[in-house]
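Enquirer:
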Amino acid sequence: MKKSKRQTMKFTPRKLILVTSLMVMASSLMATDSMATTPPESQPEISSCPAAFFAVKVHEDAKQCQPFDTDMPASMVYFIADTPDAIVAYYLALMPDLSLKGEHNQRVLLVNDAQNVRVVVSPDGEGAQVDILVLGKETPAPIASLSND
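Positions in the sequence shown are counted from 1; adding 1 to them yields the numbering used here.
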């Protein structure tokens, strides 16, 4: 009867470090590849910008519109490559029933007379972010004025 020679591979410390490093690199590459192709689950849907969101006009240069709720209360956010001051002036001129309710942390709050439409304009990189909240036809409780305190 023949005895089979069993070959065993000897790992020197240098080979062991090399093999371990290659395995770590391969697993991190696979993880990076799967993260790059899988979108986050909680990311809101970006859609083309409408001309208006309920009773609120949307600036014609608006980008990255994200409606969060389309049932009352409804909300949407968008980006505009213009200064926050220019967007506040745009809304005050376009919608005379909006008035400046206050400013806090560089965010400007505009509210209509019925207090059921709220527009928040804040700086965002090289432009502004506009948040629109429409509460519905019923008049909510009045909101307090914001201050820089």
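From the three backbone atoms N, C-alpha and C, an ideal C-beta is built for every residue, glycine too.
This structure is a prediction, so every number in the text was calculated from the model and none was measured.
Give a yes or no on whether the C-beta atoms belonging to residue 112 and residue 100 are separated by under 8 Å.
Expert: Yes; because the gap between Cβ atoms is below 8 Å, this pair is in contact.
Enquirer: Would you mind reading off the limits of the alpha helix (DSSP H) that contains residue 89?
Expert: First-last of the alpha helix (DSSP H) with residue 89: 85-95.
Enquirer: Would you kindly check if the distance between the Cβ of residue 118 and the Cβ of residue 57 is under 8 Å?
Expert: Yes; because the gap between Cβ atoms is below 8 Å, this pair is in contact.
Enquirer: Along the beta strand (DSSP E) that carries residue 135, what are the first and last residues, could you check?
Expert: Segment 128-135, the beta strand (DSSP E) holding residue 135.
Enquirer: When you compare only the Cα positions, how much space is there between residue 109 and residue 88?
Expert: Roughly 10 Å between the two C-alpha positions.
Enquirer: Could you give the distance in angstroms between the alpha-carbon of residue 85 and the alpha-carbon of residue 55?
Expert: So the alpha carbons of these two residues sit roughly 22 Å apart.
Enquirer: If I follow the unbroken beta strand (DSSP E) through residue 69, where does it start and stop?
Expert: Per DSSP, residue 69 belongs to the beta strand (DSSP E) from 64-70.
Enquirer: Express the C-alpha separation of residue 96 and residue 114 in angstroms, rounding to a whole number.
Expert: In a straight line, the C-alpha of residue 114 is about 11 Å away from that of residue 96.
Enquirer: For the beta strand (DSSP E) containing residue 61, name the first residue and the last one.
Expert: Element bounds for residue 61: n/a, residue is neither H nor E.
Enquirer: Can you tell me whether DSSP reads residue 49 as helix, strand or coil?
Expert: Looking at residue 49 - three-state DSSP - the assignment turns out to be coil, as it is neither helix nor strand.
Enquirer: Have a look at the DSSP bridge pairing and note the partners of residue 55.
Expert: Bridge partners of residue 55: none, in fact.
Enquirer: Taking its Cβ as the centre, do 16 or more other Cβ atoms sit within 10 Å of residue 135, making it buried, or is it exposed?
Expert: Answer is buried; the Cβ neighbour count reaches 16.
Enquirer: For residue 82, which three-state DSSP category applies?
Expert: Reduced to three states, the DSSP call for residue 82 is coil.
Enquirer: Just verifying my parser: in three-state terms, what is the DSSP assignment at residue 124?
Expert: Of the three classes helix, strand and coil, the one that applies to residue 124 here is strand, per DSSP.
Enquirer: Quick one: give me the first and last residue of the beta strand (DSSP E) that residue 113 is part of.
Expert: Where residue 113 is concerned, the enclosing beta strand (DSSP E) stretches over 108-113.
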